[in-house]
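Chemist:
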Amino acid sequence: MENLLHKVLLNLKQTKKEDFVTLETSLSDLIDSFSPRNSVKLGTNFIQKVITSTDNITFVLLGHLYIERLLNEILLKEFDIQDIKKANKSLNTFYKKVVFLKKAKTIDEELINDILLINSLRNAFAHELNYKLSNFNIWKLSALQNVERNDFEPNSKAAKDIFTRLIIKVYFFKILRDLTEKFRFLSLLNEG
């Protein structure tokens with residue numbers, strides 16, 4: 163996945179600022195071309211819906227909902243929910259589920275931090291009426307920690323918005339991949 167992210171970054175580095183829209187369309191078309199039509203698989207639909215969405219709020223909320231569904235499935239498969247309830251633990255929010263999985267060391271720290279960053283992005287859209295995607299600090303995402311950001315920083319709000327959307331879409335793909343590699347049963351889940 164880091165290779166895919168680095169390829170995207172290299173393309174961004176070589177892309178003129180005004181060509182970000184074309185690059186985003188190309189990425190969406192590329193990912194869409196690998197996706198089967200009319201799939202019932204949760205992961206396939208996750209990628210198709212998130213990647214092809216051009217509305218920032220929609221793709222962030224959809225991605226967040228799909229990640230929460232995956233977390234719910236992990237909780238159901240890995241833990242006895244009755245034991246969780248007996249311990250008086252309420253897992254009624256996304257954040258509480260992630261914290262529980264973190265404390266149980268079920269998911270590694272780096273992935274937990276990336277999931278929490280996605281949650282903070284979702285919360286920004288949910289609680290700030292005029293939140294702009296370009297305000298999100300993508301440089302906190304784990305795979306971008308060692309990237310020289312001056313090489314990629316777009317010079318306009320519109321370009322930064324598209325740049326950020328591209329990176330986050332790739333990150334949704336990364337989170338799905340990381341979770342399904344660790345929890346193989348997730349790749350078998352149907353949408354319903």
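If you count the sequence shown from 1, position 39 lands on 201 in my numbering, and the numbers rise without skipping.
No residue lacks a Cβ here, since even glycine has one placed at the ideal position from N, Cα and C.
Note down, in chain order, each residue of its chain lying with its Cβ closer than 7 Å to the Cβ of Asp323, except the 5 sequence neighbours on either side.
Modeler: Cβ within range, chain order: Lys294, Leu295, Ser296.
Chemist: Is DSSP giving Leu303 helix, strand or coil here?
Modeler: Leu303: coil per DSSP, three-state reduction.
Chemist: By Cβ distance, which residues of its chain are closer than 7 Å to Phe335, with the 5 residues on each side in sequence left out?
Modeler: Closer than 7 Å at Cβ, skipping near neighbours: Ile209.
Chemist: Quick one: Cα of Phe325 to Cα of Leu283, how far?
Modeler: Rounded to the nearest angstrom, the two C-alpha atoms are 15 Å apart.
Chemist: Return the chain-ordered list of same chain residues with a C-beta closer than 7 Å to the C-beta of Ser215, the five sequence neighbours on each side being excluded.
Modeler: So the list reads Phe221, Leu224, once near-sequence residues are dropped.
Chemist: How big is the Cα-Cα spacing for Ile274 and Lys239?
Modeler: Ile274 and Lys239: Cα-Cα distance of roughly 18 Å.
Chemist: Under a Cβ-count criterion, where at least 16 other Cβ atoms within 10 Å of its own Cβ denotes burial, should Phe347 be classed as buried or exposed?
Modeler: It is exposed - the Cβ of Phe347 has fewer than 16 other Cβ atoms within 10 Å.
Chemist: Check whether the Cβ atoms of Phe298 and Ala286 lie closer than 8 Å to each other.
Modeler: Result yes, Cβ atoms of Phe298 and Ala286 sit closer than 8 Å.
Chemist: What residues in its chain sit with their C-beta under 8 Å from that of Lys319, if we drop five residues either side in the sequence?
Modeler: If we look at Lys319 and ignore the five residues flanking it on each side, its Cβ neighbours are Lys294, Ser296.
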